[in-house]
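Undergrad: In our numbering, the protein residues as written are 32 to 278.
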Amino acid sequence: MKLQHHLGGIENLGPVSLETRVFVEPWEQRIFGIHTAMMAESAHLADALPAYAVKDLPTAFKSNWSWASLRTGAEDMQPFEYFKYRYYEKWLGGISQFFIDAGYLTAQELEEKSAFYRAHPDAALPDRPSAPIAAQIGAYLQQGDSGYHPPERAPRFAAGDMVRVADPAAVDHTRLPGYLRCKTGTVDAIYPGHFSYFVSTGVDGIGRPMPVYRIAFKAADVWGSDKSEPNTTIYADLYEAYVQAAH
């Protein structure tokens, strides 16, 4: 992940926020709702587990949208812009740019709508989802979208194996925490089945379904003994593409 999107081990970035509320402002709930509705209508759900009849939904939204889409939008932000905005403001920026890039509306139309609601904050909002779409959103919230697949082969590593984390080429989006690159740990568990991701990360290595491991790292091996509490273990779930033999 790029610097601004995984800050583990980076010093001098200011105080850590201790806010525990999921939504601090009411408008943040609406941003989360927009994202959830987009995921529930995403075209990729036709091939997901469980399969959804998204092709029959009365919606103009025909694109793929997932957590990967949201994260990629945030990771594409210019770093100084990223630090300037709050959490759900980043979501809004990524979602807005997606709709523009996908051709659902133009930047001018978005600006006109924004100006209208700034000038008329009490104006009526667009209609709520139709009954079929509301039912689809409810089903998605209850059943989710699994990347699980039946195993196609045996995992390369077994519990107890000493492994080393890979250092793949940097790409637009990765599931490998930057602070674990080239670190050595021990396979703690292997999750049953194989798992895919919402998008392919190209040379980063995530594509076809593969095993996922829970790997244990000694904190001192990650941060250094002078910056770690004694007897501390860090656990990370990693796709097999990111795992190599230690020797």
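No residue lacks a Cβ here, since even glycine has one placed at the ideal position from N, Cα and C. None of these values were measured; they are calculated from a predicted model.
Bridge partners of T215, per DSSP?
TA: T215 pairs with R195.
Undergrad: Among A154, D78 and W98, whose alpha-carbon lies nearest the alpha-carbon of M70?
TA: Nearest C-alpha to M70: W98.
Undergrad: When you compare the CB positions of T103 and D203, do they come within less than 8 Å of one another, or not?
TA: Yes, these two residues count as a Cβ contact at 8 Å.
Undergrad: Apart from the five residues just before and just after F229, which ones in its own chain have a Cβ nearer than 6 Å to its Cβ?
TA: Excluding residues within five positions, the ones whose Cβ falls inside 6 Å are S97 and A99.
Undergrad: Please report the straight-line C-alpha distance between F129 and S73, rounded to a whole angstrom.
TA: For F129 and S73, the distance between alpha carbons rounds to 13 Å.
Undergrad: For P181, does the count of other Cβ atoms within 10 angstroms reach 16, so buried, or fall short, so exposed?
TA: With fewer than 16 Cβ atoms within 10 Å of its Cβ, P181 is classed as exposed.
Undergrad: Residues bridged to H225 by DSSP?
TA: DSSP, once it has assigned bridges, lists H180 as partnering H225.
Undergrad: Do the CB positions of Y123 and I62 come within less than 8 Å of each other?
TA: Sequence check: residue 123 is Leu here, not Tyr. It is a contact, given that the beta carbons lie within the stated cut-off.
Undergrad: Using C-beta distances below 7 Å, list every residue in its chain close to A133, excluding the 5 sequence neighbours before and after it, in chain order.
TA: These residues qualify, in order along the chain: S94.
Undergrad: Count the CB pairs spanning the stretch 206-219 and the stretch 178-196 that are closer than 8 Å, and state whether there are at least three.
TA: Counting Cβ pairs under 8 Å, three or more are found: they touch.
Undergrad: Looking at C-beta atoms only, is the number of pairs between the stretch 48-55 and the stretch 143-152 that lie closer than 8 Å three or more?
TA: Counting Cβ pairs under 8 Å, fewer than three are found: no touch.
Undergrad: State the Cα-Cα distance for the pair D78 and K258, rounded to the nearest angstrom.
TA: Between D78 and K258, the C-alpha separation is close to 46 Å.
Undergrad: Of all the alpha helix (DSSP H) runs that stay within the bounds of the stretch 70-123, which reach a length of 4 or more residues?
TA: Those alpha helix (DSSP H) runs which fall completely within the stretch 70-123 and span 4+ residues are 98-106 and 110-115.
Undergrad: What is the rounded straight-line gap between the Cα of I164 and the Cα of P81?
TA: Each residue's Cα considered, the two are about 17 Å apart.
Undergrad: Between the C-alpha atoms of H66 and H278, what's the straight-line distance to the nearest angstrom?
TA: Each residue's alpha carbon lies about 43 Å from the other.
Undergrad: Report the rounded CA-to-CA distance for R206 versus L136, giving the unit in angstroms.
TA: Computed Cα separation, rounded: 30 Å.
Undergrad: How far does the beta strand (DSSP E) with Y135 in it extend, from its first residue to its last?
TA: Taken as a continuous stretch (DSSP letters only), Y135 belongs to no beta strand (DSSP E), as it is neither H nor E.
Undergrad: Check T264 in the structure and name its three-state DSSP category.
TA: Strand.
Undergrad: From the DSSP output, read off the bridge partner residues of R245.
TA: In DSSP, R245 forms a bridge with A220 and D268.
Undergrad: Can you name the start and end residues of the beta strand (DSSP E) that V274 belongs to?
TA: Note, V274: beta strand (DSSP E), V274 to A276.
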